Structure formats: C-alpha cells, structure tokens
Amino acid sequence: MPRPKRIRKMTNPPHFRGFKPIGLLEENSPVVLNYEEYEAIRLSDFELYGQVEAAQIMDVSRPTYARIYESARRKVAQAFVQGKAIVFEGGKVYFDSEWYSCNNCGCWFNHPAKDQEIKNCALCGSTNIKQYSDSSQQETTEDVCICPECGDEKEHRLEVPCQKEFCPKCNCQMTRKGAPHHHRIRNNNCKEI
Amino acid sequence: MKVAITSTGNSHDATLDSRFGRCSFFVVFDTETHATEFIPNPNQENIEGAGPASVQLVASRGVKKVVSGEFGAKVKSIFDSLQIQLVVLNDPEKKISEIIELLNHKN
Chain A
1 MPRPKRIRKM TNPPHFRGFK PIGLLEENSP VVLNYEEYEA IRLSDFELYG
51 QVEAAQIMDV SRPTYARIYE SARRKVAQAF VQGKAIVFEG GKVYFDSEWY
101 SCNNCGCWFN HPAKDQEIKN CALCGSTNIK QYSDSSQQET TEDVCICPEC
151 GDEKEHRLEV PCQKEFCPKC NCQMTRKGAP HHHRIRNNNC KEI
Chain B
194 MKVAITSTGN SHDATLDSRF GRCSFFVVFD TETHATEFIP NPNQENIEGA
244 GPASVQLVAS RGVKKVVSGE FGAKVKSIFD SLQIQLVVLN DPEKKISEII
294 ELLNHKN
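Taken in order, these protein sequences are the chains called A and B. Reading the first sequence from the start, the letters are residues 1 to 193 in the working numbering. Reading the second sequence from the start, the letters are residues 194 to 300 in the working numbering.
Below, the structure is given as structure tokens:
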C-alpha cells in the first residue's frame, strides 16, 4: 500500500470556480485543476517564489512541489491548446486561515468565512486591526539600541554601531535590540552598582 | 450570536482560563439576549482528546465564536471546518465580565 498523500497547505483559495474559453460553439469537457495545483501556479508564477520556498509554504517536500507544479502547467497547457474550460476542484488540501491581531484589545482572531472582508476586531469591534503574517514578523527588527544592564532604550543612529553608544544612565556599552542573547552581553564599561 | 468564553470559575468575576480543552467552565454568552450560561467542562480531567471533546460541547450549543487563551493543535482544524471563529486573548487576568463588556461594545 502506498504512503498516504501529505496534506497540502493553502493560504489563498481562488474566489471563483474556473475559466471558460471564448468563441467556442461546442463545449469540451473541462480540465479539473486541483486546488493544490492552483496554489502551485500562484506561488511560482504569480508570487514568484522559488520551489524550495514554495514547497515550505505548502508544507510538502521540494520534489513533491515540483510534481504538483508540473501537473498544473500541463493541465493549463492542455486547456489552452485544446480550448477546454478549467475548473478548480478537489485536491488534498487544508486551508490555513488567516490570523488578525487587534491593536486595541491585544487579542488575536482568525477568519473562518473567507469570502467576507474583515474590518472589525472580533472581540472589541475596533477597526484598529492588522493582518498577521509570518514574514513581516521577522522583518520588524526595530532600530533601537538597548542597554544590556538596565534595559534603557535609545533610537539607533545611522552609521553609528550600537556598540559605540553608551547608556546615559549606567554608562554601559549598548547593543542592538532584538540581537540574540543581548541580555547576556556585559562588558567592562559598566559601572558597578 | 453566541460566544463561548473559557473561564476559571462559574461567576462573572472569574478570570479567563488560558487553556481551551481543559478549562474549568465555558461561559456561553448570547450577544442578542445578553444571557449568560455557565457550563462546567466535563473534559477537564481527560487524559486525551479534551480539546476535540470540548469543541463538540461548544459546537452543540450553537456557538459561533470562542474566546480563550490558547488553542491546541487538534482543535484548530475542527473549528475551521465548523466555521467557528477563534479569538486568542493573551491576558489571563481579564475577568469574564470585562470580556462580555468588550463583546457588547460592538453593538
């Protein structure tokens, strides 16, 4: 018995059901494009991810992603050449529902009904909400220097390394906020308290 | 619309329980009638499957939104398939009455 298929993760399902060719008198049988194949085309050719990244997004191995993508391209080509309709249907996928955070009450909430746009916080009804995405979290390393001793913060100045900054309170050498293990760094410039 | 809130006790002064499957009480709050109902969680002491069993419990009450501190890995997909919205509130000090007040703000 073969190993069961790994379930593919989808972030953005299509909000329409398919495509139809223009100007054909008789209708051919449509090509069924699975959701996972749609997602592969979206990731590779629309979002322009590399196969390795795209495979991680869909939570499958890189070779599996390549097979899904190849099958998707062949189906699209077949539909184009033979004038067939394309229907999005089926596939072994699960939907990764989107998470939002509210800046007002500090909660997180998801959004099960994908076809409706979300405007208000699910808890307090505030409009001050933000969509959560993995990538943006990593990018937001603030440009702030922090003192490893007293935790005092200071805005980072361009072209001045944080190590050259000294804490106004305890005269410690500062370090970049968010740098790994910044709390462990101690140096001889610190005054003994 | 009905909202379920996980609670540590059966009064409005109790705080939000940070665990969904093994919380002490579920508070089912109706945003239209403003009625609250406290349901003791029978799955609190379960060795396994407390999350999915609790999902069945709240889903059977017709809840459309669940407020808790944390949701387990098994629970998320079941809630998604039932079209129930999850609200994660990272504040174990919040009282049930405060959460209900927040929910009322919307209307």
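For every residue, glycine included, the Cβ atom is placed at its ideal position computed from N, Cα and C. Note that the structure is a prediction, hence the values are computed from the model and not measured.
Where does Leu275 of chain B fall in DSSP's three states?
coil
Along chain A, in chain order, which residues have C-beta atoms closer than 7 Å to that of Lys258 of chain B?
Ala122
Cross-chain neighbours of Gly90 of chain A in chain B, by beta carbon under 7 Å:
Near Gly90 of chain A there are no residues of chain B at all, since even the closest Cβ is about 16 Å away, more than 7 Å.
Assign Glu37 of chain A to buried or exposed, taking buried as 16 or more other Cβ atoms, counted over all protein chains shown, within 10 Å of its Cβ.
buried
For the alpha helix (DSSP H) holding Arg73 of chain A, just list the boundary residues, first then last.
Arg62 to Gln82
So is Gln153 of chain B in contact with chain A if we call contact Cβ pairs under 8 Å?
Nothing can be reported for residue 153 of chain B: it is not among the residues displayed for chain B, which extend from 194 to 300.
Helix, strand or coil for Lys226 of chain A, going by three-state DSSP, please let me know.
Chain A is shown from 1 up to 193; residue 226 of chain A falls before or after that span and cannot be answered.
Check each candidate in B:Asp223, B:Glu238 and B:Asp206 and name the one with the smallest Cα separation from Phe213 of chain B.
B:Glu238
Is the Cβ-Cβ distance between Val87 of chain A and Gly18 of chain A less than 8 Å?
yes
Compute the Euclidean distance between the alpha carbons of Phe219 of chain B and Ile198 of chain B, then round it to the nearest angstrom.
6 Å
How many Å lie between Pro63 of chain A and Gln249 of chain B at the Cα?
38 Å
What distance in whole Å lies between the Cβ atoms of Lys75 of chain A and Val31 of chain A, which are believed to be in contact at a cut-off of 8 Å?
5 Å
Going by alpha carbons, who is nearest to Lys5 of chain A out of A:Asp59, A:Glu26 and A:Ala54?
A:Asp59
Of the choices B:Leu279, B:Val196, B:Ser247 and B:Asp210, whose alpha-carbon is the least far from that of Asp223 of chain B?
B:Val196
Cβ-Cβ distance between Lys258 of chain B and Gly244 of chain B below 8 Å:
no
Residue nearest to Lys177 of chain A in terms of C-alpha spacing, selected from A:Asn171, A:Glu153, A:Pro14 and A:Phe16
A:Glu153
List the whole-angstrom C-beta distance separating Ser126 of chain A from Asn104 of chain A, where the pair is believed to meet the contact cut-off of C-beta under 8 Å.
4 Å
Beta-carbon of Arg6 of chain A versus every beta-carbon of chain B: anything under 8 Å?
no
So, using beta-carbon positions, are Asp210 of chain B and Gly262 of chain B closer together than 8 Å?
yes
Measure from the alpha carbon of Ala66 of chain A to the alpha carbon of each residue in A:Cys170, A:Asp45, A:Pro148 and A:Cys147, then state which is nearest.
A:Asp45
By the 10 Å Cβ neighbour count, where 16 or more other Cβ atoms means buried, how is Val81 of chain A classified, buried or exposed?
exposed
For Tyr94 of chain A, which of A:Cys121, A:Leu25, A:Tyr35 and A:His15 has the nearest alpha-carbon?
A:Tyr35
Do Leu279 of chain B and Phe272 of chain B have their beta-carbon atoms positioned less than 8 Å apart in this structure?
yes
Could you name the residues of chain A that Val221 of chain B contacts, counting a contact when the two beta carbons are closer than 9 Å?
Here the premise fails: no neighbours, minimum Cβ distance about 16 Å.
Kindly indicate the opening and closing residues of the beta strand (DSSP E) around Ala197 of chain B.
Lys195 to Ser200
Given this structure, state the Cα-to-Cα distance separating Lys119 of chain A from Pro112 of chain A, to the nearest angstrom.
14 Å
Interface partners of Asn110 of chain A on chain B, CB under 7 Å:
Gln278 and Leu279
So Cys124 of chain A and His298 of chain B are in contact, right, with Cβ under 8 Å, and what is the actual spacing, rounded?
5 Å
If you follow the alpha helix (DSSP H) that Ile293 of chain B is in, where does it begin and where does it stop?
Ile289 to His298
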